[in-house]
Each structure stands twice: as structure tokens, then as C-alpha cells.
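Structure, as C-alpha cells:
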Amino acid sequence: MTETTVYDAERVQAWKRELAAAPYRSYLYSYPHKTAYRTFDRPKRLEDLWKNEPAETFFLYMHIPFCGARCGFCNLFTLPDKREDVHERYVDALERQARQWAKFAVKPFARFAIGGGTPTLLRADQLSRLFDIAENIMGLNPDLASISVETSPETIDRGRLNVLKERGVDRVSMGIQSFIEAEASAIYRPQKPDEVRRALGLLTEYDFPLLNLDLIYGLPGQTLDSWLYSLDEALSWEPGEIFLYPLYTREHTILKPGDIASRGEDIRMLFYLAACERLEARGYEQFSMRRFARRAPESAAVKRPLDYGCQEEGMMGLGCGARSYTQHVHYASRYGVSRRATESIIADYVAAEDYGGADYGFELSADELRRRFVLKGLLHSEGLTLSEYRGRFGTDAFDDLPELNLLTESGLAAPDGGVLRMGREGLGYSDAIGDWLISDPVRGLMREFVLP
Ligand SMILES: C[S@@+](CC[C@H](N)C(=O)[O-])C[C@H]1O[C@@H](n2cnc3c(N)ncnc32)[C@H](O)[C@@H]1O
Ligand code: SF4
């Protein structure tokens, strides 16, 4: 790493001003973003993709792309559809897919997650089937894997929670967004605070090892006071983890950029910083821009799941809309957000008999693998371990990506014992820094992508 400065002070300040002018560019949930995925020239055989996967453990993900209604901010792959027969046929398809994929699950699963959409929209017996598929077909050992399920307040009842408890779920994650009824209705989420409290009461009674709650800041009509009120309400339930999302609007979301709360200026950074302070005072540690958690006491662990490294996993995604990651190839079903596109992608998935190939995704070059490694480290409080980078790629991260010097020279990241790490301010700019680190080829693909 360089000791002397690489950029002149003027350039560093200008770069920092650019970040501050547009902190919310894109949520890089994973790199490369799915809008960079394309149809492969020739479908890839799953056997070839998985047989040399170096990860020591795998992550099993199941995607349930149904919700009661579509929220005004949401651009996830999901369809408002409450019909039980539709859900049943979807689980049938997921089971067919699992039967074809199971032979590639050659490493133990360290994690299993059911996400969506709203997985708990499924009936209790359908949820139970998902665990049967995971255990009996995919070979998941629920004693060795940490298991996480996403849910929403109106779908919480005893029947479903009994299933989650019996099947060894360690983490339940519930979207709340706001405890204020007017704010929820402004995002087309007809959600009564009493309904949220009923769900939280039941969840608390079942006492899952980890409860996560999602909140959003920047909602239409939200003020700093109302934001901190929702945060305090959430904290009063003592969740082990809390995710705070800045509101994003997108092409195809019902909410538009003008709906984001403002006082003549973007207030999201202000709300983020206020929440960070409050969470710190309440004993929560920051792990990324969105994730805050309390360190669980050792005795709280009810099982000892296998270790997994966040840079290391092979992820098998079952279901329509799920992504799968091998080290060199990321693949998925096609992506859509509009009702028509989502409906037709799900219909194709449910009608299919053969799930044995990957025809849509992204093949990571050596350069993209380096960027992915840097991004994953940097946007997490764990930071980028420079010796690990060197060990893996044989080169120095600062030589490969000299622009990293802007991070250190601006003070947004500091090398600490060989780990390049960002603090509260830097993490607050994660979405701008993530966007800035996207390679030119990936950016080009993302720009060309036309969302169906
Ligand atoms: C799968 S949902 C959580 C479970 C459930 N479907 C629900 O909404 O209660 C994922 C979370 O992502 C967050 N999210 C999704 N799209 C967002 C956006 N455009 N802006 C901010 N947060 C968003 C929300 O906090 C939401 O709870
Ligand atoms: S936020 Fe949750 S409930 Fe709302 S549309 Fe998205 S996935 Fe469905």
C-alpha cells in the first residue's frame, strides 16, 4: 500500500463532494447486479458449474415470489397473489427443481434461507413442505445450518410459527418499515400499528434465537421525530438485529423520486446518522450501512452451525427469482418487476419440467472477481483484509484498484492492522461507493438493460 498520497487534495475533495451529492445510487445487494445478467451463448450444465466449486460450505436459498399486495417502494421479484392453489403449484415446481439439483449439493449447507416476497404467505403445511424439500431432497441438516425466514406482520400466526419453531429456524426477519399508520399507507402498505404489535407479541412469545426487524427511512411525510419514534418502537421489542433501509424508488415502483421525504434537501443521510447514534447508545453494533446487531451472548446459541465465510460461499438458489452463485458464474431466472413480466416468468417456471441448465447470468472474469472481493469486504464493517486479497489473487489491491487511495486520502476508509475498513461516515456512503467501484463493462451492461 502507498504511504504517500496519490491524488492531489483538490481531486480528493471533488470526489467526496460527488459522493455527498448523490449518496443513494444503487443498492449493490450483490456484485455484479442482476441487471448485468444476460442470456449465455450456450446454456451451462449445472454439473459443470458445481463440480469444481471451491467453497467448503454451501448456502441454500429458496425464493417465494408472492405477497399479499405490492408495496409502493418494492422492486423485488414478487407478485401480489394470495391464491393457495397457485402457491401449491409453485411449491410443486420447486420440489421438481430440488430433485434435479440435489446431486450438485456436494458440500454441507451452512445456511438455509427462505426469502421473497413473503414466504409466510404460504399455508403452514406448504411452509412445512419447503423444509421437507430442504432436508429430505437437498440434504440440509437443520442442526448444522443456521436457518432464516422472512415474514410480514399480517402473515404471522401460531400455525406458521409452530412450523418455523419445529423446523429449527434461528432467525425470523420481519418487514415493518414504519410504526406510523399514515406512513405505511403512503407506501401502499395498509398496515395498522396494532397488527404489527400483535405479530411482534407472538414472535416474542416464540422466542426465536434472532429476531430481525426492517425499517425504512425517507418515507413520504416522515420527519426526524417520526423516524426516531419508529426506531424506538422497534427497539422496545429488543430485536437482536435491525436493518435500516434508505427509501429507494425505481422504474416500475409505484412511488416516484418526488415522494421521498425531503426538507428541500435529501434528508436520508441525516436520518441515517441519527439512527446510528441511537443504536450505538442502545448497544447495537454497525455491521454495514443497513445492518445493526447486538453481539449475541455465547449462551444464547441453541445450536452450533457450521462456519461460513462471507467471501466464500457457493449459493444454490431454488425457486423463480432466486440467484445462484458459483465462484465464477452467477445465474438466475430472468428478472422482472412489472406485474406482466413477473407473472410470465413465474408461469414459465411453474410449467417447466427441466431445471437442469443455467441459461441466464454472468460469468465473472479475473478482474470482476477482484472487484467483487473488494466490494464485499469494504461495504461491511469487517473490512477488506489486504493479505487475504494478496493470498487469493497474487497482487496488491491498491495496485489493481488505485482508486482505493481516494477512500484513504478522503478519510472515508483507514487501513487498520492490514484491514481497509470504513466507519460510520464511509458506510453511510456505501451505495455511492459500491456504484463507483462497478467496472466499466458491468456498468455498460446495467445501462443497456431494459427492465421488462
Ligand atoms: C422481502 S422484504 C421483507 C419481508 C416482507 N415481504 C415484508 O415486506 O414485510 C425485504 C425488505 O427490503 C426492504 N426494501 C425493499 N425494497 C426497498 C426499497 N425500494 N427501498 C427501501 N427498502 C426496501 C424493506 O424494508 C423490506 O422489508
Ligand atoms: S416489501 Fe415485502 S410485502 Fe412489500 S411487496 Fe416487497 S416483498 Fe412484498
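For the sequence shown, counting from 1, position 435 maps to 464 in the working numbering; every step adds exactly one. For each residue, glycine too, the CB sits at the ideal point set by N, CA and C. Just so it is clear, the structure is predicted and the values come from calculations on it, not from any experiment.
TODO: Just the C-alpha distance for V41 and Y458, rounded to the nearest angstrom, thanks.
DONE: As a first step, residue 41 must be located in the sequence shown, where it is residue number 12. As a first step, residue 458 must be located in the sequence shown, where it is residue number 429. Between V41 and Y458, the C-alpha separation is close to 15 Å.
Open item on the list: Can you find the residues in the same chain that come closer than 7 Å, C-beta to C-beta, to T31, ignoring five residues on each side of it along the sequence?
Closed with: Residue numbering aside, residue 31 sits at position 2 when the sequence shown is read from its first letter. Because the pLDDT at T31 is just 47, under 50, the model does not fix this residue reliably, and the value given afterwards should be weighed accordingly. Closer than 7 Å at the Cβ level, and outside the excluded window around T31, lie F427 and N434.
TODO: Quick one: residues in its chain with C-beta nearer than 6 Å to the C-beta of V471, no 5 flanking neighbours on either side, listed in chain order?
DONE: Here residue 471 refers to the residue found at position 442 of the sequence shown. Cβ neighbours of V471 beyond the five flanking positions: P61 and A65.
Open item on the list: Let me check one thing: in DSSP terms, what residues is A119 bridge-paired to?
Closed with: As a working note, residue 119 is residue 90 in the sequence shown. Rather than Ala, the amino acid found at residue 119 in this sequence is Tyr. Y119 pairs with nothing; no bridge assigned.
Task: L151 versus A134, R189, R140 and A163, residue with shortest Cα-Cα distance - done: Working through the sequence shown from its first residue, we reach residue 151 at position 122. Minimum Cα distance to L151 is reached at R189.
Open item on the list: Spatial neighbours of L474 within its chain, please: C-beta separation below 6 Å, excluding the five flanking residues on both sides.
Closed with: In the sequence shown, counting from the first residue as 1, residue 474 sits at position 445. For L474, where only same-chain residues beyond five positions count, the Cβ hits under 6 Å are A65.
TODO: Could you check the C-alpha separation between P268 and L105 for me, to the nearest Å?
DONE: Stepping through the sequence shown from its first residue, residue 268 is reached at position 239. Stepping through the sequence shown from its first residue, residue 105 is reached at position 76. Approximately 24 Å, taken between the alpha carbons.
TODO: Report yes if the C-beta of A180 is less than 6 Å from at least one heavy atom of ligand 2; otherwise report no.
DONE: For the purposes of this step, residue 180 is taken as residue 151 along the sequence shown, with counting starting at 1. The amino acid at residue 180 is misidentified as Ala; the sequence shows Thr. Checking every heavy atom of ligand 2 against the Cβ of T180, none is found closer than 6 Å.
Task: Any non-hydrogen atom of ligand 2 closer than 6 Å to G348 Cβ - done: What you label residue 348 is simply residue 319 of the sequence shown in a count that begins at 1. Checking every heavy atom of ligand 2 against the Cβ of G348, none is found closer than 6 Å.
Open item on the list: Within 10 Å of its beta-carbon, does A50 have 16 or more other beta-carbons around it, so buried, or fewer, so exposed?
Closed with: For the purposes of this step, residue 50 is taken as the residue at position 21 of the sequence shown. With fewer than 16 Cβ atoms within 10 Å of its Cβ, A50 is classed as exposed.
Open item on the list: Give me the DSSP bridge partner(s) of G145.
Closed with: To locate residue 145, count along the sequence shown from 1; it is residue 116. Note: G145 sits in a beta bridge opposite I93.
Open item on the list: Is the separation between the beta-carbon of R54 and that of D460 shorter than 7 Å?
Closed with: Numbered from its first residue, the sequence shown carries residue 54 at position 25. Numbered from its first residue, the sequence shown carries residue 460 at position 431. Yes, they are a contact pair.
TODO: Can you list the residues near ligand 2, meaning Cβ strictly closer than 6 Å to any non-hydrogen atom, in the order they appear in the chain?
DONE: C96, R99, C100, C103, L105, T107, G145, G146, T147, S181 and G204
Task: the region 389-401 touching the region 113-121, judged by at least three CB pairs closer than 8 Å - done: no
Task: Separation of P238 from E270, as counted between CA atoms - done: Position 241 of the sequence shown holds residue 270. Position 209 of the sequence shown holds residue 238. In a straight line, the C-alpha of E270 is about 11 Å away from that of P238.
Open item on the list: One question on the structure: do V178 and V198 come within less than 7 Å of each other, judged by their Cβ atoms?
Closed with: Numbered from its first residue, the sequence shown carries residue 178 at position 149. Numbered from its first residue, the sequence shown carries residue 198 at position 169. Yes.
- [ ] Could you tell me if the beta carbon of L276 falls within a distance shorter than 6 Å of some heavy atom in ligand 1?
- [x] Residue numbering aside, residue 276 sits at position 247 when the sequence shown is read from its first letter. Distances between the C-beta of L276 and the heavy atoms of ligand 1 include at least one below 6 Å.
- [ ] Please state whether DSSP places R297 in a helix, a strand or coil.
- [x] Translated into the one-based positions of the sequence shown, residue 297 becomes position 268. Helix, per DSSP.
TODO: Would you mind listing the alpha helix (DSSP H) stretches within the region 375-449 that are 4+ residues and don't spill past its ends, in chain order?
DONE: 395-407, 415-422, 426-429 and 433-438
Open item on the list: Below 8 Å on the Cβ atoms is my contact criterion, and I expect L193 with I162 to pass it. Report the Cβ-Cβ distance as a whole number of Å.
Closed with: Taking the first residue of the sequence shown as 1, we reach residue 193 at position 164. Taking the first residue of the sequence shown as 1, we reach residue 162 at position 133. The Cβ separation is near 15 Å, so there is no contact.
Open item on the list: Tell me the DSSP secondary structure of Q315 in three-state form.
Closed with: Along the sequence shown, one-based indexing puts residue 315 at 286. Note: Q315 maps to strand in three-state DSSP.
Open item on the list: Quick check on M475: does DSSP put it in helix, strand or coil?
Closed with: Working through the sequence shown from its first residue, we reach residue 475 at position 446. In this structure, M475 counts as helix in the three-state DSSP scheme.
Task: For R46, the first and last residue of its enclosing alpha helix (DSSP H) - done: Mapped onto the sequence shown, residue 46 falls at position 17. Run containing R46: A38 to A50, per the alpha helix (DSSP H) assignment.
Open item on the list: Could you give the first and the last residue of the continuous alpha helix (DSSP H) run that contains A153?
Closed with: On the sequence shown, position 124 is the one that residue 153 refers to. Looking at the DSSP string, the run of the alpha helix (DSSP H) that includes A153 is A153 to D161.
- [ ] Could you give the DSSP three-state label for L240: helix, strand or coil?
- [x] In the sequence shown, counting from the first residue as 1, residue 240 sits at position 211. Residue state for L240 is assigned as strand, using DSSP reduced to three classes.
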